[in-house]
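Engineer: Using the numbering used here, the first residue of the sequence shown is number 31, and each one after it goes up by one.
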Amino acid sequence: MSGKNKLTFRINEKANRITWSVPDLPLKNEENADFWRIHIDDGFSREIMVKSSQQEGKVRTSSNETIIHYDGLTDVYGKTYNVRLNLHMEDKNDVIECWADVENLDDVRINEVQFPFMDLSAVCDENRANDVLYRPRGLGERINNPWAALENDHTEYMAADYNEIWSPLFYPRPASMAWFGIESSGHFLYIGRHDDKKRICTLLSGINPRNKSPRIISAICHYPAAVKGEFISCGHSVLTLQKGDWRLGSDIYGDWARKTFYNPAPKPEWVQNMTGWQRIILKHQYGEIFWKYEDLPRVYKEGAEYGLDTLLIFGWWKGRFDNGYPIYEPDPDLGGAEALKKAIEEIHNMGGRAILYTNGVLIDRATDYYKETGHRICRIDIDGNEYQEHYQFANNGTILRNFGYKTFVSACQATDEWREKLLENGRIKLSFNPDSIFYDQIGGHKCWPCFNSSHKHRNRIDEDPWFRCENLKAMHDLCTGDKALGSENTVDIFSCIVDYNHGCDFGNWYRRRANDPNARNNFPKMYRRTFPETIMTNRFIHDCRKDFKGELNFAFIHGYRFDVSIYRGRVAGIAGEPEYAKYIKKLIDLRKAYHQFFYHGKYVVDTDITLPDKVHMAEYTYENRKMFAFWNENKNEINIDILGNTVHIGANDVACIVTL
Numbered sequence: 031m032s033g034k035n036k037l038t039f040r041i042n043e044k045a046n047r048i049t050w051s052v053p054d055l056p057l058k059n060e061e062n063a064d065f066w067r068i069h070i071d072d073g074f075s076r077e078i079m080v081k082s083s084q085q086e087g088k089v090r091t092s093s094n095e096t097i098i099h100y101d102g103l104t105d106v107y108g109k110t111y112n113v114r115l116n117l118h119m120e121d122k123n124d125v126i127e128c129w130a131d132v133e134n135l136d137d138v139r140i141n142e143v144q145f146p147f148m149d150l151s152a153v154c155d156e157n158r159a160n161d162v163l164y165r166p167r168g169l170g171e172r173i174n175n176p177w178a179a180l181e182n183d184h185t186e187y188m189a190a191d192y193n194e195i196w197s198p199l200f201y202p203r204p205a206s207m208a209w210f211g212i213e214s215s216g217h218f219l220y221i222g223r224h225d226d227k228k229r230i231c232t233l234l235s236g237i238n239p240r241n242k243s244p245r246i247i248s249a250i251c252h253y254p255a256a257v258k259g260e261f262i263s264c265g266h267s268v269l270t271l272q273k274g275d276w277r278l279g280s281d282i283y284g285d286w287a288r289k290t291f292y293n294p295a296p297k298p299e300w301v302q303n304m305t306g307w308q309r310i311i312l313k314h315q316y317g318e319i320f321w322k323y324e325d326l327p328r329v330y331k332e333g334a335e336y337g338l339d340t341l342l343i344f345g346w347w348k349g350r351f352d353n354g355y356p357i358y359e360p361d362p363d364l365g366g367a368e369a370l371k372k373a374i375e376e377i378h379n380m381g382g383r384a385i386l387y388t389n390g391v392l393i394d395r396a397t398d399y400y401k402e403t404g405h406r407i408c409r410i411d412i413d414g415n416e417y418q419e420h421y422q423f424a425n426n427g428t429i430l431r432n433f434g435y436k437t438f439v440s441a442c443q444a445t446d447e448w449r450e451k452l453l454e455n456g457r458i459k460l461s462f463n464p465d466s467i468f469y470d471q472i473g474g475h476k477c478w479p480c481f482n483s484s485h486k487h488r489n490r491i492d493e494d495p496w497f498r499c500e501n502l503k504a505m506h507d508l509c510t511g512d513k514a515l516g517s518e519n520t521v522d523i524f525s526c527i528v529d530y531n532h533g534c535d536f537g538n539w540y541r542r543r544a545n546d547p548n549a550r551n552n553f554p555k556m557y558r559r560t561f562p563e564t565i566m567t568n569r570f571i572h573d574c575r576k577d578f579k580g581e582l583n584f585a586f587i588h589g590y591r592f593d594v595s596i597y598r599g600r601v602a603g604i605a606g607e608p609e610y611a612k613y614i615k616k617l618i619d620l621r622k623a624y625h626q627f628f629y630h631g632k633y634v635v636d637t638d639i640t641l642p643d644k645v646h647m648a649e650y651t652y653e654n655r656k657m658f659a660f661w662n663e664n665k666n667e668i669n670i671d672i673l674g675n676t677v678h679i680g681a682n683d684v685a686c687i688v689t690l
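1) Starting from G284, trace the alpha helix (DSSP H) both ways and give me its first and last residue.
2) Please report the distance separating the alpha-carbon of N675 from that of G589.
3) Give the secondary structure of H532 by DSSP, where H, G and I count as helix, E and B as strand, and everything else as coil.
4) With a 10 Å radius around its C-beta and 16 neighbouring C-beta atoms as the bar for buried, classify I618 as buried or exposed.
5) I want to know whether the region 404-411 touches the region 368-377 - three or more CB-CB distances under 8 Å.
6) Give the secondary structure of Q302 by DSSP, where H, G and I count as helix, E and B as strand, and everything else as coil.
7) For R575, tell me which candidate among E563, Y597, H487 and T560 has the shortest Cα-Cα distance.
8) Below 6 Å CB to CB, which residues in the same chain sit around C534 once its five sequence neighbours on both sides are set aside?
9) Should Y192 be labelled buried (16 or more other beta-carbon atoms within 10 Å of its own) or exposed?
10) Which residues in the same chain have their Cβ closer than 6 Å to the Cβ of E142, if we skip the five residues on either side of it in sequence?
11) In its own chain, which residues sit with a C-beta less than 6 Å from the C-beta of Q315, not counting the 5 before and 5 after it?
12) From this set, T270, E181 and T290, which residue's C-alpha is nearest K242's C-alpha?
13) Can you find the residues in the same chain that come closer than 6 Å, C-beta to C-beta, to K34, ignoring five residues on each side of it along the sequence?
14) Contact between the region 595-613 and the region 549-568: three or more CB pairs below 8 Å?
15) Under the rule that 16 or more other beta-carbon atoms within 10 Å means buried, what is V113, buried or exposed?
16) By a C-beta neighbour count over all protein chains shown, 10 Å radius and 16 as the cutoff for buried, is T305 buried or exposed?
17) Along the alpha helix (DSSP H) that carries W448, what are the first and last residues, could you check?
18) Counting C-beta neighbours from all protein chains within 10 Å, is the total for N59 16 or more, i.e. buried, or is it exposed?
19) Can you look up N182 in the DSSP assignment and give me helix, strand or coil?
20) For T510, which of Y652, D522 and I467 has the nearest alpha-carbon?
21) Cα separation between S235 and P327?
22) Is there contact between the region 86-93 and the region 51-65, where contact requires at least three CB pairs shorter than 8 Å?
23) Just verifying my parser: in three-state terms, what is the DSSP assignment at T38?
24) Which full runs of the beta strand (DSSP E) of 3+ residues lie inside the region 361-446, going along the chain?
25) Tell me the residue span of the beta strand (DSSP E) that contains P608.
26) Please check the pair I526 and P146, which I expect to be a contact at CB under 8 Å, by giving their CB distance rounded to whole angstroms.
27) Compute the beta-carbon to beta-carbon distance between W276 and E213, rounded to the nearest angstrom, for a pair I have assumed lies under 8 Å.
28) Once the 5 residues before and after R542 are set aside, which same chain residues still bring their CB inside 7 Å of it?
29) Is the separation between the beta-carbon of H572 and that of S595 shorter than 7 Å?
30) In the structure shown, what three-state DSSP assignment does E86 receive?
31) Helix, strand or coil: which one does DSSP assign to N583?
32) Return helix, strand or coil for F344, following the three-state DSSP convention.
33) DSSP three-state call for K709: helix, strand or coil?
34) Among F658, D492, W661 and N531, which one has its Cα closest to the Cα of Y201?
35) Do A384 and L341 count as a contact pair if the criterion is CB distance below 7 Å?
36) May I have the straight-line CA-CA distance separating H475 from R203, to the nearest angstrom?
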């Protein structure tokens with residue numbers, strides 16, 4: 031093979047063994063290693079495994095493509111199936127592009143295809159502990175020595191950990207992108223799913239069972255769900271091993287995304303310049319009223335004093351927050367429709383912005399809508415049952431806290447009824463003249479497979495993201511002029527359609543809880559560098575907990591707009607926590623001094639310097655200048671030299687410096 035790609039492969043005559051290698055590097059795999067796996071469903075046994083190492087097929091090669099064909103498949107118990115499988119591996123100079131075609135002629139369902147499947151005993155470093163796994167859990171995760179670290183994903187008895195210890199990452203969300211890879215001895219092994227149809231998949235990382243020879247496995251799992259008589263072509267994947275680090279993967283995936291689906295429209299100017307918001311709940315889950323419509327201008331004004339220019343309004347409808355979905359109508363107990371409209375107008379007169387909430391996914395099982403429509407259009411699982419979610423928000427009692435309150439099902443995005451309901455709710459919100467309509471959760475909430483073949487996806491259980499994108503586009507079309515569309519969660523295929531994201535992913539916070547041992551793995555640079563256009567908030571600071579300044583400093587350097595939700599939107603606005611409010615204002619004022627970089631610049635990772643322990647850095651460009659934002663997590667002040675400049679950072683404080 032030629033080009034920058036150093037990864038080569040060889041298939042044996044029986045087509046049951048692949049040898050991966052890299053010239054002059056120790057990359058290798060064991061003799062009995064698989065290079066694909068399939069899981070078959072006969073209606074009773076749901077995961078009948080078929081392994082490449084136990085098959086016999088034929089290999090056909092051309093100048094740049096290898097095609098591996100199997101006329102039938104044999105499972106691990108020796109039973110054969112009338113299933114034809116073609117594997118394509120195409121040399122495209124810098125990468126190997128591969129995909130699988132499945133033709134099912136048997137009375138079973140081909141639930142999943144794991145291909146490519148790289149089972150290695152070494153990558154590029156003889157000392158395996160030096161390897162680093164980068165994967166898009168949330169905005170990004172950096173795992174040192176995955177050969178050992180992934181043992182933490184052992185299920186003890188819930189799965190077959192005696193074969194492999196798996197650490198699966200489902201896309202879309204909790205994975206924000208569909209690529210991952212291993213950094214090893216100055217090289218990066220890239221594995222990416224490049225599927226124009228935006229189908230769901232799982233990025234699989236795994237290691238050997240306990241006390242067995244070292245193995246690290248990287249695979250992509252597709253969900254064709256092919257029934258008898260169907261021919262399904264799975265999404266294409268890309269492999270390459272080149273000199274470089276994780277940024278190689280960011281470039282490969284980002285370039286492909288921008289040629290296919292990632293083409294964000296310009297955002298309204300007010301969104302681009304948004305400093306953050308107060309997020310409040312008018313009527314809470316359990317029925318308590320905290321604010322009425324007439325209170326909204328006052329709550330907005332209190333936030334504006336500290337630099338927050340927007341109000342995100344939850345629980346404004348008659349049914350109260352997390353109740354009654356998807357029916358939204360103004361609440362007479364809160365003041366009625368005209369009072370809501372008047373309150374938003376007063377906020378506008380003060381120069382502020384208002385956002386109205388609805389949920390984009392959930393249906394309350396206690397509603398007439400569920401009984402009449404929702405039960406038909408909700409997603410169902412592999413056993414034909416509704417996926418259900420149960421919320422346990424409580425006040426001061428014990429029944430709700432211990433035993434839960436609400437039960438929801440999730441709407442299938444591939445139904446006309448749900449699409450129209452989303453648009454109807456958008457029109458309802460716009461009738462009150464907010465600056466933005468916000469749909470919670472739809473920007474990434476559980477794109478789980480739906481097994482209801484009466485929906486528009488039919489037998490294709492993996493197409494939720496495609497239909498979700500189409501729904502988001504239709505919702506965005508409602509937003510004329512400088513109206514904006516927002517959602518919760520951050521996933522590449524959805525974030526390029528909305529104008530902003532309410533962050534709710536690993537990497538939108540530093541430590542969600544104090545002393546979180548996984549905090550050091552969080553690596554938001556992975557997403558921020560790949561898709562720097564995304565506007566998102568931080569999350570999960572609800573009061574002046576001990577580490578609140580550090581959390582805000584983390585949000586500051588990474589450019590997150592501030593989500594201020596005191597006591598999770600209850601009882602008090604920002605004025606209820608004056609110390610927190612004062613620090614928010616300090617950071618917003620500092621951002622204002624570097625406005626062009628934070629609000630109109632580009633988040634980059636160009637400069638490689640070794641930072642002292644517990645010092646964090648983010649880098650931005652604007653026109654021909656660079657800005658570096660630092661957070662010193664230490665309890666003592668520190669000086670940093672950067673490109674011939676010295677920057678002073680106080681203890682647990684932030685600082686910025688601009689260089690040419």
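In this text, a Cβ means the ideal position worked out from N, Cα and C, and glycines have one as well.
Structural biologist: Here's the rundown:
1) Its alpha helix (DSSP H) spans residues W276 to T290.
2) Each residue's Cα considered, the two are about 22 Å apart.
3) DSSP places H532 in the strand class (E or B) of the three-state scheme.
4) Note on I618: 16 or more other CB atoms within 10 angstroms of its CB, so buried under the neighbour-count rule.
5) With the cut-off at 8 Å, the region 404-411 and the region 368-377 do not touch.
6) In this structure, Q302 counts as helix in the three-state DSSP scheme.
7) For the residues E563, Y597, H487 and T560, the minimum Cα distance to R575 belongs to Y597.
8) Listed in chain order, the non-local C-beta contacts of C534 below 6 Å within the same chain comprise E518, N519 and R569, local neighbours out to five positions each way being set aside.
9) Per the 10 Å Cβ criterion, exposed.
10) In the same chain as E142, and ignoring 5 residues on each side of it, the C-beta atoms closer than 6 Å to its own belong to H69, C251 and Y253, in chain order.
11) For Q315, the CB contacts under 6 Å within the same chain, skipping 5 residues up- and downstream, are F351, D352 and F423 in chain order.
12) The residue among T270, E181 and T290 with its C-alpha nearest the C-alpha of K242 is E181.
13) Once the five neighbours on either side are set aside, the close Cβ partners of K34 are D124 and Q272.
14) The answer is no - the region 549-568 does not touch the region 595-613, with fewer than three Cβ pairs under 8 Å.
15) By the neighbour-count definition (other C-beta atoms within 10 Å, threshold 16), V113 is a buried residue.
16) T305 is buried by the Cβ-count criterion.
17) Its alpha helix (DSSP H) spans residues D446 to L460.
18) Buried is the call here.
19) In the structure shown, N182 sits in a helix (DSSP, three-state: H, G or I).
20) When only C-alpha atoms are compared, the closest one is I467.
21) For S235 and P327, the distance between alpha carbons rounds to 50 Å.
22) Taking 8 Å as the limit for Cβ pairs, the verdict is that the region 51-65 does not touch the region 86-93.
23) In the structure shown, T38 sits in a strand (DSSP, three-state: E or B).
24) Runs of beta strand (DSSP E) with 3 or more residues, each lying fully within the region 361-446, are found at 383-389, 392-394, 418-421 and 436-440, listed in chain order.
25) Where P608 is concerned, there is no enclosing beta strand (DSSP E), although the alpha helix (DSSP H) it sits in stretches over P608 to A623.
26) It is Cys, not Ile, that sits at residue 526 in the sequence shown. So it is not a contact: roughly 26 Å between Cβ atoms.
27) Cβ atoms of W276 and E213 come within 8 Å of each other, at about 6 Å.
28) Answer for R542: F570, listed in chain order.
29) S595 is positioned such that its CB atom lies closer than 7 Å to that of H572.
30) E86 falls in the coil class under three-state DSSP.
31) Reduced to three states, the DSSP call for N583 is helix.
32) In this structure, DSSP gives F344 an extended state, which the three-state scheme calls strand.
33) Given that the chain is displayed from residue 31 to residue 690, the structure contains no residue 709 and the question cannot be resolved.
34) Checking every option, the nearest Cα to that of Y201 belongs to D492.
35) Their beta carbons are under 7 Å apart, which means L341 touches A384 by this criterion.
36) Approximately 7 Å between the Cα atoms of the pair.
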